[in-house]
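Residue numbers (this note's numbering): -16 to 188.
Using N, Cα and C, we set each Cβ at its ideal position, and we do this for glycine too.
Computed from a prediction, not measured in an experiment: that's the story for all the values here.
Notes to accompany the following structure.
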């Protein structure tokens, strides 16, 4: 997990400042270390296996009594729950769809909580990264989506996602901001000076 230094955070803020000089868009960047702690996932797996494995033994051998089966199930659950708490194993137990679903939800919550839907001309734009999930998303308000088709951002997101996978989070942010800035300058040019939202990178633990 990378941790951006103060100087790197300043580079992101400076990049946003440069972009916003030429567009009415309000850019906000968010970096989350992780979208969820997923504590329930190991418990779900432990519960499922504790039900199935001892039951399978009884089915094929029939040597466990009812109370023995219950005891084995509880022991199996406890052991697996402890084993699955190991980070290296936990990450493998979480389906990619679940990780991306949690990151997607967090991105949308941040869009609302940071008031990106309340800008003067509906020109809020969120560049969101959840590092543990290797998830990148760009969300824009109506003032931008009415001028730039959402499909345009797909290649930008794909390139940024690859940077995150390679541990190049800072480089990804700077490239993404610059690319978005070029598009915004062309389609949502500056009409007057304003700065409604903070330009620093919001870092979530």
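Is it buried or exposed, residue 106, if we count other Cβ atoms within 10 angstroms and call 16 or more buried?
Within the chain shown, the letter at position 123 stands for residue 106. Counting Cβ neighbours within 10 Å, residue 106 comes out buried, since at least 16 surround it.
For a minimum of 4 consecutive residues, which ranges assigned as the alpha helix (DSSP H) are wholly contained in the segment 101 to 145?
125 to 128
Taking residue 123 as the reference, which of -3, -2, 9 has the closest Cα?
Taking the first residue of the chain shown as 1, we reach residue 123 at position 140. Answer by Cα proximity: 9.
If the criterion is Cβ atoms closer than 8 Å, does the pair residue 104 and residue 126 meet it?
Counted from its first residue, the chain shown places residue 104 at position 121. Counted from its first residue, the chain shown places residue 126 at position 143. Yes, the pair counts as a contact, with Cβ atoms nearer than the cut-off.
Rounding to the nearest angstrom, what Cα-Cα distance links residue -13 and residue 114 in this structure?
By 1-based counting over the chain shown, the position of residue -13 is 4. By 1-based counting over the chain shown, the position of residue 114 is 131. Rounded to the nearest angstrom, the two C-alpha atoms are 12 Å apart.
Who are the Cβ neighbours of residue 174 in its own chain at under 8 Å, not counting the five residues just before and after it?
Stepping through the chain shown from its first residue, residue 174 is reached at position 191. Result list for residue 174: 7, in chain order.
Excluding the 5 residues flanking residue -2 on each side, which residues of the same chain have their C-beta closer than 7 Å to its C-beta?
To locate residue -2, count along the chain shown from 1; it is residue 15. If we look at residue -2 and ignore the five residues flanking it on each side, its Cβ neighbours are 157, 160, 161.
For residue 101, the nearest candidate out of 18, 179, 25 (CA to CA)
Within the chain shown, the letter at position 118 stands for residue 101. Checking every option, the nearest Cα to that of residue 101 belongs to 179.
Exposure label - residue 116; buried when at least 16 CB within 10 Å:
Numbered from 1 along the chain shown, position 133 holds the residue referred to as residue 116. By the 10 Å Cβ count, residue 116 comes out buried.
Comparing C-alpha positions only, which one of 95, 19, 34, 68 sits nearest to residue 55?
Translated into positions along the chain shown, residue 55 becomes position 72. Closest option to residue 55, Cα to Cα, is 34.
Within 10 Å of its beta-carbon, does residue 53 have 16 or more other beta-carbons around it, so buried, or fewer, so exposed?
The sequence position of residue 53 within the chain shown is 70, counting from 1. Burial call: exposed.
8 Å contact criterion, which residue 110 and residue 121 should meet: CB distance rounded
Residue 110 sits at position 127 when you count from the first residue of the chain shown. Residue 121 sits at position 138 when you count from the first residue of the chain shown. Correct: roughly 6 Å between the Cβ atoms.
Cα-Cα separation between residue 150 and residue 51, rounded to whole angstroms:
As a first step, residue 150 is located in the chain shown; it is residue number 167 there, counting from the start. As a first step, residue 51 is located in the chain shown; it is residue number 68 there, counting from the start. Going from the Cα of residue 150 to the Cα of residue 51 covers about 49 Å.
Taking DSSP as the reference, what is the three-state secondary structure of residue 54?
For the purposes of this step, residue 54 is identified with residue 71 of the chain shown, where counting begins at 1. In the structure shown, residue 54 sits in a helix (DSSP, three-state: H, G or I).
Is there contact between the segment 56 to 68 and the segment 20 to 35, where contact requires at least three CB pairs shorter than 8 Å?
yes
How close, in whole Å, do the beta carbons of residue 112 and residue 147 come, if the pair is a contact with beta carbons under 8 Å?
Start at 1 with the first residue of the chain shown, and residue 112 comes out as number 129. Start at 1 with the first residue of the chain shown, and residue 147 comes out as number 164. Contact flag correct, Cβ pair sits at about 6 Å.
In whole angstroms, what separates the C-alpha of residue 22 from that of residue 167?
Numbered from 1 along the chain shown, position 39 holds the residue referred to as residue 22. Numbered from 1 along the chain shown, position 184 holds the residue referred to as residue 167. If I take the Cα positions, the gap works out to 40 Å.
In the DSSP output, which residue or residues are listed as bridge partners for residue 162?
Taking the chain shown and counting its residues from 1, the one referred to as residue 162 is at position 179. DSSP, once it has assigned bridges, lists no residue as partnering residue 162.
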